[in-house]
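**Q**
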Amino acid sequence: MSNSTAENLVSLRTEIPANVQLIAVSKTKPVSAIQEAYSAGQRAFGENKVQEMEEKYAALPKDIHWHLIGHLQTNKVKYIAEFVHMIHAVDSLKLLQEIDKQAKKHNRVIPCLLQFHIAEEETKFGLDFHEAEELLQSREFIELQNIEIAGLMGMATFTDNEEQIADEFRNLNNYFHIIKSHYFKFNPEFRHLSMGMSSDYKIAIAEGSTMVRIGSTLFGTR
Ligand SMILES: *Cc1c(COP(=O)(O)O)cnc(C)c1O
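Heads up, the sequence shown stops at 393 in this note's numbering, and the numbers go up one at a time, no gaps.
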């Protein structure tokens, strides 16, 4: 990609509707790349490693919103609880309980997205609908006070088959609406549907995404 990050940001903004938030995925990219996007007005950045996020948080302006988008290990929550803006890939009660515990120490409520497994690929990450319902109905979940479920997140299969990608995002959007109506009907904080990356964000937006996580289209290939 020969364009600058600032130029890529301008063209991405013309493609992304105003009701969809762009999370600039800066993993593996240097602080200088984030600074360039920041100067062009970008404030939401996504990282998938705790240590890398901590280092970048320390080096960069404090009005940046840091989104942890990758799998989070329970023993690392304590390092980001003070500043993380949103945790996208939550898929167990155990992790939610730890986020709650660490958030409490900082007198915060941390917004979390439940990760759903929608792709055909085998992975140990992500909930199915039944597991999500079990979690949301559990007494342990209901007792948590320092986390807030702000919506759902998912990743489509890595394939050229756009019909399949669209189907998977449509499934996630259906889960979003069912879970909203069953568990969060009167909770305006449950409103985010984090789906879509560089290769499939246009499909995701057509299928109802409210948050796209875009790395390589913005910063160049990793
Ligand atoms: C790396 C990553 C992205 C961004 O991927 P690109 O293809 O570079 O846009 C989005 N979401 C998650 C969870 C990621 O790990």
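We put the CB at the ideal spot given by N, CA and C, even for glycine.
Everything numeric in this text was worked out from a predicted model, so none of it was measured.
Does the beta-carbon of N174, which I'm using as the reference point, lie nearer than 7 Å to any heavy atom of ligand 1?
**A** One-based indexing of the sequence shown puts residue 174 at position 3. N174 Cβ: outside cutoff for every heavy atom of ligand 1.
**Q** For the stretch 267-280 and the stretch 324-332, state whether three or more C-beta atom pairs, one from each stretch, are separated by less than 8 Å.
**A** These segments do not touch.
**Q** Give a yes or no on contact between the stretch 370-389 and the stretch 182-193, applying the rule of three or more CB pairs nearer than 8 Å.
**A** Contact holds: three or more Cβ-Cβ distances are below 8 Å.
**Q** On the DSSP bridge list, what partners appear for S309?
**A** Locating residue 309 in the sequence shown gives position 138, counting from the first residue. Bridge partners of S309: none, in fact.
**Q** Is T328 near ligand 1, in the sense that its beta carbon is under 7 Å from a heavy atom of that ligand?
**A** Position 157 of the sequence shown, counted from the first residue, corresponds to residue 328. No, the beta carbon of T328 sits no closer than 7 Å to any heavy atom of ligand 1.
**Q** Should the stretch 332-345 be called in touch with the stretch 357-371, which here means at least 3 C-beta pairs below 8 Å?
**A** Touching, yes.
**Q** How is H236 classed by DSSP in three states: helix, strand or coil?
**A** Start at 1 with the first residue of the sequence shown, and residue 236 comes out as number 65. Correct three-state label for H236: strand.
**Q** Can we count V261 as close to ligand 1, meaning its CB is less than 7 Å from some heavy atom?
**A** Residue numbering aside, residue 261 sits at position 90 when the sequence shown is read from its first letter. Checking the Cβ of V261 against ligand 1 gives no.
**Q** Near D271, what residues of its chain come up, given a Cβ to Cβ distance below 6 Å and the 5 sequence neighbours on each side ignored?
**A** In the sequence shown, counting from the first residue as 1, residue 271 sits at position 100. Once the five neighbours on either side are set aside, the close Cβ partners of D271 are L315, N317 and I318.
**Q** Can you tell me the Cβ-Cβ gap for H394 and Q286, rounded? I've got them flagged as a contact below 8 Å.
**A** In this structure the chain extends from 172 to 393, so residue 394 is not present and cannot be described.
**Q** Beta-carbon separation of T294 and H301 under 8 Å?
**A** For the purposes of this step, residue 294 is taken as residue 123 along the sequence shown, with counting starting at 1. For the purposes of this step, residue 301 is taken as residue 130 along the sequence shown, with counting starting at 1. Contact flag unset, no.
**Q** In whole angstroms, what separates the C-alpha of Y228 from that of E305?
**A** By one-based count along the sequence shown, residue 228 stands at place 57. By one-based count along the sequence shown, residue 305 stands at place 134. Each residue's alpha carbon lies about 35 Å from the other.
**Q** In whole angstroms, give me the CA-to-CA distance for A252 and T245.
**A** Along the sequence shown, one-based indexing puts residue 252 at 81. Along the sequence shown, one-based indexing puts residue 245 at 74. Roughly 11 Å between the two C-alpha positions.
**Q** Express the C-alpha separation of S197 and I205 in angstroms, rounding to a whole number.
**A** As a first step, residue 205 must be located in the sequence shown, where it is residue number 34. As a first step, residue 197 must be located in the sequence shown, where it is residue number 26. In a straight line, the C-alpha of I205 is about 7 Å away from that of S197.
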